[in-house]
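For the sequence shown, position 204 matches number 419 in our numbering, and the numbering has no gaps at all.
We treat Cβ as the ideally placed atom computed from N, Cα and C, and that holds for glycine.
What you are looking at is a predicted structure, and each value in this text was computed from that prediction instead of being measured.
Reading through the structure tokens given below for one structure.
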Amino acid sequence: MVPSMVVFLLDYPDFAKYDLSSLQTIFYVGSPMPLDLLKRAIKAFGQIFCQGYGLGESGPLATFLNREDHVTQGDPQVLERLKSCGKPALAGEVRIIGDKGEEVKPGEVGEIILKSQRLMKGYWNQPEKTTASLRNGWLYTGDMATVDEDGYIYIVDRKADLIISGGENIYPREIEEVLYTHPAVLEAAVIGVPDDKWGETVKAYISLRQGTTATETEIIDFCKLNLASYKKPKTVEFLSEIPKNASGKIVKTVLRDKYWSGREKKV
């Protein structure tokens, strides 16, 4: 299931009435699971979660984080793995590379590229996109990540989602992780919007939990307490529901289009 489905299950009014003892595994995929949400889910369901990362273009599973890694107490180094998407799966190869194609060092941000026998031949009737994505037998995913000394991979954000404001790189996922710790926030999506002075500024879209309230000022101040000041949202918009596709994944292109349609990105 995707993270949005976990949100709806945990917030279901009669959740506590059900006996979940026979449930053995919950596999989540599709988009990053906010850490605070994942901890809530483990507390509610138990240590039965597994995570996979992959793309349809390369086969269903490139990395895997097993149940044993879904711990919320103990060694801080082990707990850190809860933020990761696991280690490379057996069915293919995974590399994280810098701008010049070099392997990044542990902790450095680079792009995930994948190779497997299930790799696609190309995008239908999109030769330019195919050429940009497939190079020398590798799929360039557009997903930015780091790797630790033990080989665990940590997704930072989509390359296309990166916000550059006043020359500073801002990853929306970091801001979203903070927003999900606010008690009134049900779901959050952060994008960059055009700004004549800074190139882009940070905008947050939020849907609130039933029966809660929050203001734009309150949300911005909350972020300021937990992030560097330049990363905090400049504006916040509240929606009854954040746009999603048929599989339940948040669709940021819908949110961005009204700001960027008809203009080139300036950064």
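Per-residue DSSP class, three states only, for residue i
| i | result |
| --- | --- |
| W413 | coil |
| E318 | strand |
| K447 | coil |
| N384 | strand |
| M335 | coil |
| M359 | strand |
| L377 | coil |
| T287 | coil |
| V466 | coil |
| C265 | strand |
Where residue i falls, given that 16 or more other Cβ within 10 Å makes a residue buried
| i | result |
| --- | --- |
| P387 | buried |
| V417 | buried |
| G426 | exposed |
| R350 | exposed |
| Y367 | buried |
| L235 | exposed |
| E383 | exposed |
| A360 | buried |
| S237 | exposed |
Nearest candidate by alpha-carbon position, reference residue i, set the options
| i | options | result |
| --- | --- | --- |
| S422 | E415, T416, L394 and N441 | L394 |
| K330 | N340, Q341 and L276 | L276 |
| S246 | D372, Y420 and Q239 | D372 |
| V324 | W353, R296, G307 and D358 | D358 |
| D365 | L305, E389 and R296 | R296 |
| R282 | C300, W353, S273 and D290 | C300 |
| L252 | H397, T432 and P228 | H397 |
| G271 | R333, G322 and S237 | R333 |
| A353 | G322, D314, I390 and V309 | The residue you asked about is not Ala; residue 353 is Trp in the sequence shown. The shortest C-alpha separation from W353 is found at V309. |
| G307 | E431, T278 and I385 | T278 |
| W475 | V408, K232 and W339 | V408 |
Neighbourhood of residue i by C-beta, 7 Å cutoff - its chain only, sequence neighbours within 5 removed
| i | result |
| --- | --- |
| A256 | V221, L225 and F264 |
| V457 | According to the sequence shown, residue 457 is Ile rather than Val. E402, A404, Y420, S422 and I465. |
| V482 | At V482 the pLDDT is 38, less than 50, meaning the model places this residue with poor confidence; the figure from the coordinates comes in the next sentence. Counting only Cβ-Cβ distances below 7 Å, and skipping sequence neighbours, we find I379, G414 and E415. |
| D410 | T416 |
| I435 | K447, P448 and V451 |
Residue i vs residue j beta-carbon contact at 8 Å
| i | j | result |
| --- | --- | --- |
| L294 | V286 | yes |
| Y243 | I370 | no |
| K447 | C438 | yes |
| F260 | I241 | yes |
| I328 | V319 | no |
| E343 | K374 | no |
| L442 | I390 | yes |
| D376 | K473 | no |
| R210 | A461 | With the chain represented from 216 up to 482, any question about residue 210 goes unanswered, as that position is not in the structure. |
Contact set for residue i: own chain, Cβ-Cβ below 6 Å, skip 5 residues either direction
| i | result |
| --- | --- |
| M248 | P218 |
| G337 | T345 |
beta-carbon residue i near the ligand NAP non-hydrogen atom, thresh 7 Å
| i | result |
| --- | --- |
| T468 | Ligands are entirely absent from the displayed structure, and the ligand NAP is therefore not among its contents. |
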